[in-house]
Amino acid sequence: MTAVVQAEGLTKYYGKRRGLEDLDLEIQPGEVFGYLGPNGAGKTTTNRLLLDVIRPTRGHVRILGADSREPHVRARIGYLPGELTLEGREKARDYLAFLAKARGGIPASRIDALAERLDADLSVPIRKLSKGNKQKVGLIQAFMHEPEFLILDEPTSGLDPLVQQEFLAMVREVRTSGRTVLMSSHVLAEVEHVSDRVGIVRDGRLVAVENVSALREKAVRRVELHFDAPVPRSAFEGLPGVRDLWVEGAALRCTIDGRPDALIKAAARFTVVHLVSAEPDLEEIFLTYYSGGEERHAGVQNPA
Ligand SMILES: Nc1ncnc2c1ncn2[C@@H]1O[C@H](COP(=O)(O)OP(=O)(O)OP(=O)(O)O)[C@@H](O)[C@H]1O
Ligand SMILES: [Mg+2]
């Protein structure tokens with residue numbers, strides 16, 4: 004199977020300014036890859052290099068097994084730029100119809116269906132659209148030709164929560180149909196529910212690539228249990244993965260590092276009447292990368 008992205012030593016300097024350094028990355032068909040990093044980390048630079056909007060200082064990249072400069076490759080990619088500038092006087096619908104024609108014809112019904120899903124009003128002149136509505140037009144043009152590979156630079160920026168949910172559903176559908184997505188964001192929470200893997204870029208370097216399901220297994224989660232009668236603290240002390248244990252009467256609270264299995268088995272000896280387990284906070288793990296903490300190369304550059 005040909006990789007959708009195959010980057011080797013991909014590097015971009017803007018004069019002396021580092022944009023991206025030595026990026027090695029492979030993304031496989033059908034994968035959703037979340038590309039995370041703080042402001043100025045190199046996300047947009049990476050996207051532009053993949054699209055050949057800018058040329059690398061050194062290194063190279065192949066997209067869908069070919070050079071992304073070739074027009075037939077570019078036509079198979081959908082792109083939402085990070086700095087979307089839409090200033091036209093024409094109505095959003097006419098702008099999209101123009102792009103549709105330039106891309107060899109796309110049924111108007113497909114554009115309308117996307118507009119309806121994202122709740123976009125296409126009857127307004129482009130330059131009069133609000134920021135969020137411009138973003139919707141940007142998303143429609145990225146999705147409308149059903150490209151094999153979508154490069155989305157901060158796609159959720161400016162979208163309200165309901166529209167964000169709809170957008171994430173669109174990303175899931177792309178994956179289900181075997182197509183591929185690279186999407187960047189500042190916040191893991193925005194991408195973790197749709198991404199198979201996430202990469203963290205910081206100061207121009209990809210410092211970690213992780214499988215989201217593996218991350219979730221490693222994540223710390225808070226658990227609270229209530230029993231029908233007081234339980235002895237000793238029954239839960241020293242269990243593997245159990246930390247910050249607090250037992251008072253019939254209530255127990257702790258954090259779980261990794262699998263909750265040992266705790267569940269210990270609790271099963273008593274009668275559990277109520278259980279609360281919060282979603283693991285993956286953000287917490289990732290903040291160590293952001294803050295310049297321990298560098299880690301997870302060794303899962305390629306999905307198994
Ligand atoms: N056209 C340019 N000329 C000079 N330096 C640039 C240019 N574009 C980006 N840079 C620099 O390259 C580095 C990476 O920028 P990039 O735009 O790729 O970051 P980003 O991760 O997309 O950030 P943000 O989250 O703010 O969008 C930054 O230090 C930035 O100042
Ligand atoms: Mg950017």
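Sequence positions in the sequence shown follow the working numbering and run 4 to 307.
By construction, the Cβ of each residue, glycine as well, lies at the ideal position given by its N, Cα and C atoms.
Contact the region 120-137 vs the region 155-168: 3+ CB pairs below 8 Å: yes
Proximity below 7 Å, CB of D156 to CB of S187: yes
Distance between beta carbons of K15 and T48, contact taken as under 8 Å: Rounded, the Cβ-Cβ distance is 5 Å, consistent with contact.
Coil, strand or helix - G143 by DSSP: Going by the sequence as given, residue 143 is Ile instead of Gly. Helix.
Assigned secondary structure, H189 (DSSP; H/G/I helix, E/B strand, else coil): coil
R20 versus D247: straight-line alpha-carbon distance, rounded: 45 Å
Inter-residue CB distance, L191 and L39 (contact presumed, cutoff 8 Å): 6 Å
Any non-hydrogen atom of ligand 1 closer than 6 Å to G22 Cβ: Yes, Cβ of G22 sits closer than 6 Å to a heavy atom of ligand 1.
Cα-Cα separation between G45 and T88, rounded to whole angstroms: 20 Å
Counted within 10 angstroms of its Cβ, other Cβ atoms place Y17 as buried (16 or more) or exposed: exposed
Residues that DSSP places opposite T3 in a beta bridge: Here the chain comprises residues numbered 4 to 307, so residue 3 is not present and cannot be evaluated.
Any non-hydrogen atom of ligand 1 within 6 Å of T159 CB: Result no, Cβ not under 6 Å from ligand 1.
Stretch-stretch touch, CB-based, cutoff 8 Å, three pairs: the region 216-230 with the region 51-62: With contact defined as three or more Cβ pairs closer than 8 Å, the region 216-230 and the region 51-62 are not in contact.
beta-carbon N380 near ligand 1 non-hydrogen atom, thresh 6 Å: Residue 380 is absent from the structure shown; the chain starts at 4 and stops at 307.
Inter-residue spacing [alpha-carbon to alpha-carbon] between L26 and T274: 53 Å
Heavy atom of ligand 1 within 6 Å of A44 beta-carbon: yes
Sequence-distant residues of its chain with Cβ nearer than 8 Å to A189 (five each side left out): Correcting the residue identity first, residue 189 is His in this sequence and not Ala. Within the same chain, H189 has close Cβ partners L39, G40, P41, N42 and E157.
T48 Cβ short of 6 Å to ligand 1 heavy atom set: yes
Cβ of E220 within 7 Å of any chain E Cβ: Absence of chain E from the displayed structure is noted, only one protein chain being present.
Any non-hydrogen atom of ligand 1 closer than 6 Å to G3 Cβ: The question about residue 3 has no answer, for the chain in this structure spans 4 to 307.
Neighbourhood of R120 by C-beta distance below 6 Å, restricted to the same chain and skipping five residues each side: The answer, listed in chain order, is E169.
Where T183 falls, given that 16 or more other Cβ within 10 Å makes a residue buried: buried
V245 vs C257 beta-carbon contact at 7 Å: yes
Cutoff 6 Å; reference G68; Cβ partners in own chain excluding five residues on either side: T5
Beta-carbon spacing of G81, F146 below 7 Å: yes
Proximity winner among L117, L142, A281 and E195, relative to A217 (alpha-carbon distances): Residue E195 is the option with its Cα nearest to A217.
Contact under 7 Å by Cβ, E11 with R208: no
Limits of the beta strand (DSSP E) - the one that R61 falls within: R61 to I66 is the extent of the beta strand (DSSP E) around R61.
The alpha helix (DSSP H) enclosing S112, as first and last residue numbers: A111 to L121
Three-way DSSP call (helix, strand, coil) for E169 in this model: If DSSP states are grouped into helix, strand and coil, E169 belongs with the helices.
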